[in-house]
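> With the sequence shown counted from 1, adding 695 to any position gets you my numbering.
Note that CB positions come from ideal geometry on N, CA and C, so glycine has one too.
One structure follows; several queries about it will come next.
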Amino acid sequence: MRIASLVLLCLLLAACNRAPPSPPVVSAPAPPPGDPVEGLRVATRVGCSGCHGRDGAGQVFMENPELGRIVAPNLTQRRTLYDDAALTALLREGRTHDGHVPWGMPIKMFQHLSDREVRDITAWLRGLPAVDNPALPAGQWSESLIRTTNDGTHPWLPDMVPDPGQDPPAVPPTEPLALGRHLAFTTCSECHGWDLNGWEGDPAPSLVVAKAYTHAQFTRLMRTGEIAAGGKSKTGLMSGVAAYRYPVMTDEEIAALKQFLDAR
């Protein structure tokens with residue numbers, strides 16, 4: 696009887712000292728999948744196809760004695776080197792699969808893309824038909840570019856890294872002024888300066904120039920590349936970029952962009 700009582704007492708003490716059950720682990724819901732159709736629209740607006748070609752097969756991005764030959768690679772081949780998280784890091788941080796500097800990628804513009812836009816671009820990229828492009832030459836950096844990249848002195852290197860403390864939105868804003876700001880920094884800053892105030896000595900002006908346009912003139916510029924005075928821009932760059940990239944923008948987006956630029 697004493698043994699049975701002792702066993703019962705031990706069982707009761709063990710039950711009293713048992714740790715409370717751990718709360719169930721609740722996993723964060725997975726984000727919705729990207730939309731490849733919207734991804735094509737965003738990729739066109741921000742210039743992915745402008746550098747890598749409409750089919751993503753790659754093309755020579757820049758070639759001159761100072762820099763050498765910089766090639767925008769075949770996306771339908773390079774995509775296999777990146778999972779979705781790595782693609783996000785590439786777009787937002789300029790972090791490549793092997794640590795090379797992504798020359799020509801406007802990371803300081805891409806850093807402002809919303810989570811949804813990044814997912815949409817990823818879905819578009821994953822869905823591109825595979826393209827073989829044997830005529831695409833290999834990149835060949837100049838000795839000067841190699842040296843200044845390796846020693847960290849090239850003046851463009853800061854453009855390939857994001858600003859500290861970036862907190863991109865989950866989705867693009869819907870309020871017109873906020874949407875216009877988002878579009879300006881994810882669409883225009885590559886050419887018109889990361890702060891939209893232009894580059895010193897560069898023909899792309901500060902976007903204060905947008906205030907000189909009426910809404911109708913600005914819409915025409917964004918749809919066709921025709922400037923307010925008629926015809927093409929001084930260098931032809933804005934006219935070509937606008938005609939190639941911006942017809943995908945909605946009337947609401949163009950109006951929001953104009954509203955923001957007028958309010959600066």
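Out of 770, 868, 775, 874, which has the shortest C-alpha to C-alpha gap to residue 826?
Within the sequence shown, numbered from 1, the residue matching residue 826 stands at position 131. The option with the nearest alpha carbon to residue 826 is 770.
> Taking residue 729 as the reference, which of 783, 817, 736 has the closest Cα?
As a first step, residue 729 must be located in the sequence shown, where it is residue number 34. Comparing Cα-Cα distances from residue 729 to each of 783, 817, 736, the minimum goes to 817.
> State buried or exposed for residue 851, treating a residue as buried only when at least 16 other CB atoms are found within 10 Å of its CB.
Position 156 of the sequence shown, counted from the first residue, corresponds to residue 851. The residue in question, residue 851, is exposed, as its Cβ has fewer than 16 Cβ neighbours within 10 Å.
> Could you tell me how far apart the beta carbons of residue 742 and residue 948 are, in whole angstroms, since I believe they sit closer than 8 Å?
The residue given as residue 742 occupies position 47 in the sequence shown. The residue given as residue 948 occupies position 253 in the sequence shown. Not a contact, Cβ separation roughly 16 Å.
> Per the DSSP calculation, residue 763 is bridged to which residue(s)?
As a first step, residue 763 is located in the sequence shown; it is residue number 68 there, counting from the start. Note: residue 763 sits in a beta bridge opposite 759, 836.
> Less than 8 Å between C-beta atoms, sequence neighbours within five positions excluded: which residues of the same chain meet that for residue 721?
Locating residue 721 in the sequence shown gives position 26, where the first residue counts as 1. Confidence in residue 721 is poor, its pLDDT being 49 and thus under 50, which makes the residue's placement too unreliable to answer from.
> The alpha helix (DSSP H) with residue 732 in it runs from where to where?
Position 37 of the sequence shown holds residue 732. Counting along the chain, the alpha helix (DSSP H) containing residue 732 begins and ends at 731-741.
> If you follow the alpha helix (DSSP H) that residue 944 is part of, which residue opens it and which one closes it?
Within the sequence shown, residue 944 is the residue found at index 249, counting from 1. Segment: none, residue 944 is in no alpha helix (DSSP H) and carries neither H nor E.
> Is it buried or exposed for residue 815, if we count other Cβ within 10 angstroms and need 16 for buried?
Looking up residue 815 in the sequence shown gives position 120. Residue 815 comes out buried.
> If you draw a straight line from the alpha carbon of residue 902 to that of residue 893, how long is it in whole angstroms?
As a first step, residue 902 is located in the sequence shown; it is residue number 207 there, counting from the start. As a first step, residue 893 is located in the sequence shown; it is residue number 198 there, counting from the start. Going from the Cα of residue 902 to the Cα of residue 893 covers about 7 Å.
> Which residue's Cα is closest to the Cα of residue 831: 880, 939, 764, 928?
Counting from 1 along the sequence shown, the entry for residue 831 is found at position 136. Cα-wise, what sits closest to residue 831 is 764.
> How many Å lie between residue 834 and residue 792 at the Cα?
By one-based count along the sequence shown, residue 834 stands at place 139. By one-based count along the sequence shown, residue 792 stands at place 97. If I take the Cα positions, the gap works out to 17 Å.
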